[in-house]
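According to the numbering used here, the sequence shown is numbered sequentially starting from 375.
Virtual Cβ for every residue (Gly too), placed ideally from N, Cα, C.
Keep in mind that this is a model prediction, so the values were computed, not measured.
For reference, the structure is listed below as structure tokens.
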Amino acid sequence: MSDTYFDELETRTADARAAAHLEGLRAQLARTGVEADLDSLDDLAKLPVLRKADLTAKQKAAPPFGGIAVQNITHVFQSPGPIYEPGGSGADWFRLGRFLHAAGLGAEDTVQNCFGYHLTPAGHMFESGARAVGARVLPAGVGQTELQVTAARDVGTTAYAGTPDYLKVILEKADEMGVTLGITKAAVGGGALFPSLRQYYIDRGIACLQCYATADVGNIAYESAAMEGMILDEGVIVEIVTPGTGDPVAPGEVGEVLVTTLNPDYPLIRFATGDLSAVMEGVSPCGRTNTRIKGWMGRADQTTKIKGMFVRPEQVAALVAHHDEVTRARVVASRSGEQDVMTVHIESAGGDAAGYAASVAEVLKLKGEVVVVEPGALPKDGLVIEDQRTYD
């Protein structure tokens with residue numbers, strides 16, 4: 375590992391990368407039993423798209439992984455849906471080390487890992503990445519903010535890993551307690567890093583970079599210190615397609631992100647993330663030569679990430695079905711004080727907002743404000759999840 379790059383893969387030529395990816399793709403197809411004659415990576419578009427709904431159906435029919443040939447698995451995770459994801463303990467299995475190295479983390483750092491360790495894989499993903507760069511880990515998870523501050527002070531935390539807005543919560547609690555923390559680096563994911571929030575961290579002497587990763591496929595893309603777009607990870611093949619189809623868009627156009635992993639332990643082919651992005655021209659000024667994308671630009675469907683957790687239309691439907699008197703519901707995602715806010719509007723002729731709030735926490739796995747409205751009051755525009763946040 376060089377001081378500048380995680381490995382030599384980051385600076386290889388486009389032809390060398392394409393040849394390696396084509397070889398890896400053919401190997402993945404052989405593992406999955408798919409017969410396809412591929413002359414180039416462009417032929418990947420001939421294969422079917424695997425959507426989350428398809429994966430859920432496969433897993434229900436053949437739990438836990440839907441009949442996909444997995445190997446070397448040491449963990450089983452559950453994300454909302456439910457969707458089950460495998461995990462392995464091999465070297466940098468989720469490929470977060472490349473991102474953490476680009477964010478400046480190394481053997482001299484102690485990382486306060488504030489991603490969740492319960493059921494969902496994010497905590498383990500970032501811990502394996504920290505091991506890959508030789509950093510120590512404080513497995514802090516989420517919550518108990520005063521204890522987070524105390525621990526960060528006592529163990530000498532120098533870096534933060536977690537959702538973009540939770541670090542601000544910790545810093546403000548430290549200010550309130552009169553504690554000075556030594557955090558100078560932040561590696562974030564699980565939500566949008568808004569420019570105003572990044573500037574807040576810069577003003578406090580913290581360099582904050584973000585990655586784009588999912589529980590299903592691990593790291594997809596990441597920022598470097600150049601902060602010009604997000605560089606694709608070396609272990610995936612990414613396509614940008616017209617939402618709802620498998621047809622590639624023209625270069626530079628916004629479309630849905632499809633990911634094919636080259637991880638032999640869990641081969642996913644043309645997995646639809648439901649996220650929107652677009653390819654950028656040229657290469658990063660940092661010298662890494664892989665394709666760049668513009669990062670997360672919204673959802674191709676209504677599934678929305680709030681406070682680092684996905685909220686899906688089927689969960690909203692389950693919330694409505696939970697109460698006989700509820701006719702419709704609408705989840706609204708907004709921002710307040712650099713934090714995500716979830717408000718749930720419920721159409722009901724009666725009922726108690728506090729009671730509905732308990733159902734919201736149970737079904738959506740997140741706490742939120744509940745607003746009860748009369749039947750027929752919600753717009754009839756087909757939306758059950760509305761994202762009012764802006765990403766400029």
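- Bounds of the alpha helix (DSSP H) holding residue 572 are 569–577.
- If you check the CB distance, residue 491 and residue 513 come in under 8 Å.
- Where residue 645 is concerned, the enclosing beta strand (DSSP E) starts and stops at 645–651.
- Classified as buried, residue 683 has 16 or more neighbouring CB atoms from the shown chains inside 10 Å of its CB.
- In this structure, residue 423 lies near residue 646, with their beta-carbon atoms less than 8 Å apart.
- Out of 696, 469, 751, the CA that lies nearest to the CA of residue 731 is found in 696.
- By the C-beta density criterion, residue 551 is exposed, having fewer than 16 other C-beta atoms within 10 angstroms.
- Sequence-distant partners of residue 592 (beyond 5 residues in either direction) whose C-beta falls short of 6 Å from its own C-beta, in its chain, are 468, 469.
- Residue 560 counts as buried, since at least 16 other C-beta atoms from the protein chains shown sit within 10 angstroms of its C-beta.
- In the displayed model, residue 399 falls within a helix according to three-state DSSP.
- Taking the Cα of residue 747 as reference, the smallest distance to any Cα among 722, 414, 734 is reached at 722.
- Restricted to the region 507–586, the beta strand (DSSP E) segments that are unbroken, complete and at least 3 residues in length are 510–513, 533–536, 559–562, listed in chain order.
- Proximity of the region 526–534 to the region 479–489 meets the contact definition, three or more beta-carbon pairs being nearer than 8 Å.
- Setting aside the 5 residues that flank it on each side, residue 500 is surrounded in the same chain by 470, 487, 489, 535, each with a C-beta closer than 6 Å to its C-beta; the list follows chain order.
- DSSP, read as helix, strand or coil, puts residue 499 in helix.
- Using a Cβ distance threshold of 8 Å, residue 412 and residue 399 count as a contacting pair.
- Per DSSP, residue 710 is one residue of the beta strand (DSSP E) stretching across 700–710.
- Residue pairing for residue 736: DSSP places it in no beta bridge.
- Taking a contact to require three or more Cβ pairs closer than 8 Å, the region 571–585 and the region 626–638 do not qualify as touching.
- In this structure, the alpha-carbon of residue 555 lies about 51 Å from that of residue 417.
- One alpha carbon belongs to residue 659, the other to residue 623, and they sit about 25 Å apart.
- Boundaries of the alpha helix (DSSP H) harbouring residue 475: 471–476, taken from the DSSP string.
- Taking all protein chains in view, the Cβ of residue 741 is surrounded by fewer than 16 other Cβ atoms within 10 Å, so the residue is classified as exposed.
- Residue 714 is positioned such that its CB atom lies no closer than 8 Å to that of residue 517.
- Bridge partners of residue 453 according to DSSP: 457.
- With respect to the 8 Å criterion, residue 454 and residue 689 are classified as neighbours on the basis of their beta carbons.
- Between the C-alpha atoms of residue 574 and residue 610 there is a straight-line separation of about 32 Å.
- Rounded to the nearest whole angstrom, the CA to CA distance from residue 727 to residue 718 is 10 Å.
- In this structure, the CA atom of residue 630 is about 32 Å from the CA atom of residue 733.
- In the structure shown, the three-state DSSP call for residue 655 is coil.
- Secondary structure of residue 423 (DSSP, three-state): coil.
- Going by beta carbons, residue 406 and residue 614 fall outside the 8 Å limit.
- A straight-line Cα-Cα distance of about 13 Å links residue 621 and residue 612.
- For residue 743, the uninterrupted beta strand (DSSP E) segment begins and ends at 743–747.
- DSSP places residue 713 in the strand class (E or B) of the three-state scheme.
- The three-state secondary structure of residue 437, taken from DSSP, is coil.
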